[in-house]
Amino acid sequence: MAYIKLGNSDLEVSEISFGAWAIGGWMWGGTDEAAALRALEAAIDMGITSIDTAAVYGFGLSEEIVGKAIQGKRDKVQIMTKYGLRWDDTRGEFYFATKRNDGAPANIHIYAGKESIIRECEDSLRRLNTDYIDLYQQHWPDGTTPVEESMEALGQLIKQGKVRVAGGSNYSAEDMARAQTVVPQASNQVAYSMVKRGIEDEIVPYCIEHNIGIVVYSPMQRGILSGKIKPGHTFKPGDSRPDTPYYKKENIKRINDFLDNIKPVADGKGISLAQLVIRWTLQRPGISTVLVGIRNEEQLKENAVAMEFALSQEEMDTINKQLDELEILMDLS
Ligand SMILES: NC(=O)c1ccc[n+]([C@@H]2O[C@H](COP(=O)([O-])OP(=O)(O)OC[C@H]3O[C@@H](n4cnc5c(N)ncnc54)[C@H](OP(=O)(O)O)[C@@H]3O)[C@@H](O)[C@H]2O)c1
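By the numbering used here, the letter at position 281 of the sequence shown is numbered 281, and the numbering carries on one by one without gaps.
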């Protein structure tokens with residue numbers, strides 16, 4: 001297992017991190033808590049010591065499960081969590097209407113006012129059953145609160161020892177630059193996968209130039225890049241994936257055709273597509289750690305192997321050439 005320092009900070013994280021959104025169940029068709037706990041415990045034992053969660057994942061449930069898994073192991077793990085998506089407050093910007101795991105309606109608001117962050121931090125510490133958060137990230141930029149105000153809260157929490165380092169998520173280069181004027185930014189957590197490469201234009205060059213870590217989310221585009229989602233796949237009720245462009249029939253077909261074309265690279269190395277996809281992501285310029293969403297021990301064991309091999313430049317080029325020919329249609333209904 002390789003560990004790296006996140007950006008300019010002293011926070012050392014594992015190259016592959018445990019993404020704990022799905023284990024909260026919300027937007028993923030429910031959760032199996034016992035399976036999630038086994039996966040988290042096995043991940044820590046295998047050296048995947050960095051765990052990414054958020055207050056909003058399962059409306060606190062993901063943080064609670066992570067809190068149970070880290071008991072007695074706190075000094076071995078790095079907890080990365082997020083604030084700024086409120087389901088119990090109507091301030092800030094309305095983001096979207098959703099349903100909780102039990103079907104009750106909820107409205108998500110983006111809000112990162114100073115005192116709201118301080119309160120959210122206390123709530124997260126309680127759910128995580130810890131007295132500090134390693135990386136505290138703003139989940140989404142809040143158009144109603146200047147990022148400088150949000151960072152004042154982070155400065156205070158860092159001084160109090162409740163947070164080690166600050167980071168953003170879904171930040172633009174401008175958000176990062178403004179946040180940096182108040183509190184050093186260890187990282188920006190952003191969407192990146194073989195089929196979603198928008199960060200390569202502006203975010204990656206900015207982060208490399210300013211030594212800000214890039215924490216990648218959804219590297220398997222929520223599972224489809226593992227090759228297991230075929231046309232006609234049935235999702236559980238409450239799973240939001242079919243509503244996204246990547247899971248529309250035509251794109252499922254295109255992605256699977258692309259996966260068939262890169263499969264010889266995986267076969268040649270005796271690895272699975274999921275392992276190939278995670279490794280490709282990790283080896284792209286500027287990437288610090290890849291958050292892999294893991295629901296159970298089986299997925300954990302498969303995905304963790306991506307830390308044990310490297311892709312040659314020739315193998316990367318072969319994949320990139322196939323990617324040049326892949327077009328995802330974004331306007332399918
Ligand atoms: N900051 C943000 O705005 C933001 C947004 C999204 C995610 N994130 C973070 O990033 C993490 C990872 O993103 P993600 O969960 O969207 O994406 P992902 O890693 O692209 O996909 C994870 C999902 O793929 C399936 N999967 C995982 N390993 C597999 C394997 N070996 N074979 C087949 N299927 C496999 C699982 O779902 P099934 O078993 O249900 O198919 C799993 O939940 C999240 O957990 C969260 O911590 C952050």
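Built from N, CA and C at the ideal position, the CB exists for glycine as well.
From what residue to what residue does the alpha helix (DSSP H) around LYS99 run?
LYS99 -> not in any alpha helix (DSSP H); beta strand (DSSP E) instead, spanning 93-99.
Given that a residue counts as buried once 16 or more other Cβ atoms are within 10 Å of its Cβ, and exposed if not, what is GLY168? Label assigned to GLY168: buried.
Can the beta-carbon of LEU85 be found less than 8 Å from the beta-carbon of TRP140? A contact, by the Cβ cut-off of 8 Å.
Does the count of Cβ pairs from the stretch 228-241 and the stretch 8-28 closer than 8 Å reach three? Taking 8 Å as the limit for Cβ pairs, the verdict is that the stretch 8-28 does touch the stretch 228-241.
Should SER226 be labelled buried (16 or more other beta-carbon atoms within 10 Å of its own) or exposed?
SER226 comes out buried.
- prompt: Which whole-angstrom value is the C-beta distance of SER9 and ALA186, which I expect to be below 8 Å?
  reply: Contact between SER9 and ALA186 holds: their C-beta atoms lie close to 4 Å from each other, under 8 Å.
Item to check | Within 8 Å, strictly: CB atoms of ILE199 and ILE224 | outcome: At the C-beta level, ILE199 and ILE224 stay beyond 8 Å of one another.
**OP:** Compare the beta carbon distance of VAL190 and ALA166 with 8 Å and say whether it is the shorter of the two.
**Re:** Not in contact: VAL190 and ALA166 (Cβ atoms no closer than 8 Å).
Please say whether ILE79 and ILE51 have beta carbons closer to each other than 8 Å?
Less than 8 Å divides the Cβ of ILE51 from the Cβ of ILE79.
MET1 classed as buried or exposed, judged by whether at least 16 other C-beta atoms fall within 10 angstroms
With fewer than 16 other Cβ atoms from the protein chains shown falling within 10 Å of its own Cβ, MET1 counts as exposed.
* For TRP28, which residues does DSSP report across the bridge? -> Its beta-bridge partners are ASP239.
*asked:* What I want to know is whether the C-beta of GLN221 ends up closer than 7 Å to one or more non-hydrogen atoms of ligand 1.
replied: Answer for GLN221: yes, Cβ within range of ligand 1.
*So which of ALA310, PRO245, GLU298, ILE294 has the shortest CA-CA distance to LEU332?*
For the options ALA310, PRO245, GLU298, ILE294, the alpha carbon positioned closest to that of LEU332 is the one of PRO245.
Practice task
Compute the beta-carbon to beta-carbon distance between TYR83 and GLN156, rounded to the nearest angstrom, for a pair I have assumed lies under 8 Å.
Solution key: Going by Cβ atoms, the distance from TYR83 to GLN156 rounds to 13 Å, so no, they are not a contact pair.
Problem - For GLU336, the nearest candidate out of ARG279, ILE255, MET176, ALA266 (CA to CA) - result: Nothing can be reported for residue 336, as the shown portion of the chain is limited to 1 through 333.
Pair within 8 Å by beta-carbon distance, ALA43 and PHE59:
PHE59 sits away from ALA43, with the two beta carbons spaced by 8 Å or more.
- [ ] Taking all protein chains shown into account, decide if ASN320 is buried (16 or more other Cβ within 10 angstroms of its Cβ) or exposed.
- [x] Exposed: under 16 other Cβ atoms inside 10 Å.
Beta-carbon proximity list for ARG127, same chain, < 6 Å, skipping 5 on both sides: The answer, listed in chain order, is GLY60, GLU63, GLU64, GLY67.
Where LYS249 and PRO231 are concerned, what is the direct C-alpha to C-alpha distance, given to the nearest angstrom? The alpha-carbon atoms of LYS249 and PRO231 are separated by roughly 6 Å.
Since VAL215 contacts SER288 with CB under 8 Å, what's their CB separation in whole angstroms?
-> Indeed, because the Cβ distance is near 6 Å, the residues count as touching under 8 Å.
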